[in-house]
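Whatever position you read off the sequence shown (first residue = 1), add 14 for the working numbering.
Ideal Cβ placement from N, Cα and C applies to all residues, glycine included.
Below is one structure; the comments refer to it alone.
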Amino acid sequence: MSAQRERIVVMKFGGTSVEDAVAMERTAKIVRTRRDKGLDAVVVVSAMAKVTDQLLAAAAAAGKGDRDGALAITSRLRIRHVDTAAQLLEQDRFGKLQTVINAEFDQLDDLLRGIAAVGELTPRSTDLVVSFGERLSSRIVAEGFAQRGLNGIHVDARQVIITDAHYGKAVPQEDLIEERLIENVLPLLEQRMTPVMGGFIGASTSNITTTLGRGGSDFSAALVGGGLHAGAIEIWTDVNGIMTTDPRIVPDALRVKTISFEEAAELAYFGAKVLHPATILPAVKKNIPVWVLNSRNAENEGTKIMAVAPRCASPFKSIAAKKHLTIVDIVASRMLMSHGYLKAVFDVFDKYKTIIDMVSTSEVSISVSVDTNEHLPAIADELSKIADVKYESNKALICMVGEKIRGHRGIAGRVFTAVQHVNLRMISQGASEINMSFMIEEDDVEEAIRSLHKEFFADADPTVFDVEGRAVSKVVAK
Ligand code: ADP
Ligand code: ASP
Ligand code: MG
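What follows is the structure, encoded as structure tokens:
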């Protein structure tokens, strides 16, 4: 059985990779290359680019009672989906799918009318509204694959990705998912079909639609790969792989050829949007390699994420930034912190389910950073019994990731010289010893990343970074 499972490849295509009929056509070509190699592809797709944002805007409008505003958004989305299907499919197939698309949009519009009438938007109904993005894209892609000889078949992700009922960020139930995959997906592979399902969405055990959190399609792909004990997971996106930093900030960022699970997880957690932070976990448990690849440049080798990355002469692999953070300064009202003080402070954050990204302490004060302001007034109120509390928002965390930072001498000095012109707030080197992070003003992020990139990647190790790719992209740009 496991030999056969080795042949399974889970291919996830992000929003830009299915943004229109041309992009969907490209995904069909990519899937064909895998089938031609004798692999069994399971395809997971995101909503078409920007659709999730627009559905959230429609839900928010309806929640404020603005029914017409909400329906204006869905009417544009309806046209976009129908037009895409029309371009992708021949007449007969299009006719049938158009009926399905229209029925889905009718259901969505009814839902929004209901929300607008009540004037209240719950997390549960938000999840139901946004689920339409992936439900629609996956149907269109499946039909496109069926037409192109790939035996595409749609699988409703809600039959497979079973979660708890934590709307907006539901927790997957991996045992149940594995059972559902064996029941609903494996038999299709045995018939040489290409199952296509939406990422990001799932259903609770009582069959209520849930979502896994923004960017969650990567997570879905890893859950499917993990549950099927697949041979590989491929995350197809709009860049050549995991880069030395976000190429939108540094256009000549380099592709990282290989990176460890641990480094990739750290990068994702600290803001590199290219992967959802939870993606790596199901893959790590089963030791399944994950590839990040470019659907617009399918020939490129991409990045391979694996248990142990090869030796690298450069101290860092990549630089990430997480914006919209708040620093909370907690100064003990009694001069010195007593035994149990830290616990008392952290218990308050825990009570309000507010995750702390970074901590620094001195004899009398604790500074922590958090990525949501939602419960801060309540937290500050509660902490004021034992401390003076101040908080400042618009902060950002810069996180530099690389194994064996410790083995390299003088790294901290080089980091701080590179960013000497920006005001550093909190500094930490994670216990895992694979990240070095510091907090700065949000407005300084681009500047700091450019300086650090120049300092650490001008002379990058060619065995790990695609240094030639930099030369090629420069020639092309000229
Ligand atoms: P998708 O829709 O395919 O999931 P995302 O927009 O979620 O794509 O992620 C891809 C984007 O992540 C890239 O376009 C890039 O701007 C951004 N990004 C941020 N950090 C990195 C990094 N270190 N390497 C590559 N891309 C990054
Ligand atoms: N469509 C969802 C989002 O935009 C999930 C994803 O694309 O990964 O967040
Ligand atoms: Mg993404």
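Residue i burial status per 10 Å Cβ neighbour count (16 or more: buried)
i      : result
Arg428 : exposed
Asn449 : buried
Asp232 : buried
Asp141 : buried
Asp480 : buried
Ser424 : Strictly speaking, residue 424 in this sequence is Gly, with Ser absent from that position. Answer is exposed; the Cβ neighbour count stays below 16.
Asn437 : exposed
Lys3   : Any answer about residue 3 is impossible in this case: the structure gives the chain only from 15 up to 492.
Asn254 : buried
Glu197 : exposed
Lys468 : exposed
Val490 : The pLDDT assigned to Val490 is 49, lower than 50, so where the model puts this residue is not dependable; a value taken from the coordinates is nonetheless given after this. Exposed, since its Cβ has fewer than 16 Cβ neighbours within 10 Å.
Val23  : buried
Thr47  : exposed
Gly354 : exposed
Lys331 : buried
Rounded separation between residue i and residue j - CA only
i      : j      : result
Arg21  : Val144 : 33 Å
Ala472 : Leu268 : 10 Å
Ile400 : Ala346 : 7 Å
Ala84  : Leu125 : 11 Å
Glu248 : Ile273 : 14 Å
Ile441 : Arg162 : 54 Å
Lys299 : Ile419 : 25 Å
Ala334 : Ser465 : 13 Å
Ile154 : Ala61  : 11 Å
Glu104 : Asp97  : 12 Å
Arg127 : Thr224 : 20 Å
Arg439 : Ala156 : 49 Å
Ala323 : Lys271 : 10 Å
Val58  : Gly166 : 12 Å
Gly316 : Ser31  : 15 Å
Phe108 : Phe119 : 16 Å
Gln101 : Val36  : 9 Å
Gly526 : Phe146 : Since the first residue shown for the chain is 15 and the last is 492, residue 526 is missing from the structure and cannot be characterised.
Lys26  : Ile380 : 42 Å
Gly79  : Glu148 : 25 Å
Ala235 : Glu377 : 46 Å
Asp54  : Glu39  : 19 Å
Ser398 : Val342 : 12 Å
Ile87  : Ala130 : 14 Å
Glu188 : Gly241 : 7 Å
Counterpart residues of residue i in DSSP-defined beta bridges
i      : result
Cys413 : Ala334, Ser451
Asn301 : Answer by DSSP bridge pairing: none, since Asn301 is not bridged.
Glu192 : Glu192 is not bridged to any residue.
Gly212 : Val59
Glu248 : Met25, Trp305
Lys110 : Lys110 pairs with nothing; no bridge assigned.
Thr223 : Ala217
Asp343 : Ser381, Lys404
Arg269 : Met257
Residue i CB to nearest heavy atom of the ligand ASP below 7 Å
i      : result
Arg228 : yes
Phe214 : yes
Asp232 : yes
Glu148 : yes
Gly29  : yes
Ala61  : yes
Thr66  : yes
Check: residue i C-beta below 7 Å from any heavy atom of the ligand ADP
i      : result
Pro137 : no
Val58  : no
Ile256 : yes
Arg262 : yes
Lys271 : no
Val253 : yes
Thr225 : no
Thr259 : yes
Ser145 : no
Ser374 : no
Proximity test, residue i beta-carbon vs the ligand MG heavy atom, cut-off 7 Å
i      : result
His290 : yes
Lys336 : no
Gly133 : no
Lys43  : no
Lys183 : no
Lys287 : yes
Taking only runs that begin and end inside the region 350-434, name each unbroken beta strand (DSSP E) of 3 or more residues, in chain order. Counting only runs of 3 or more, we get 370-375, 379-384, 401-415.
Along the chain, which unbroken stretches of the beta strand (DSSP E) at least 3 residues long are found entirely within the region 119-191? Runs of the beta strand (DSSP E) inside the region 119-191: 166-168.
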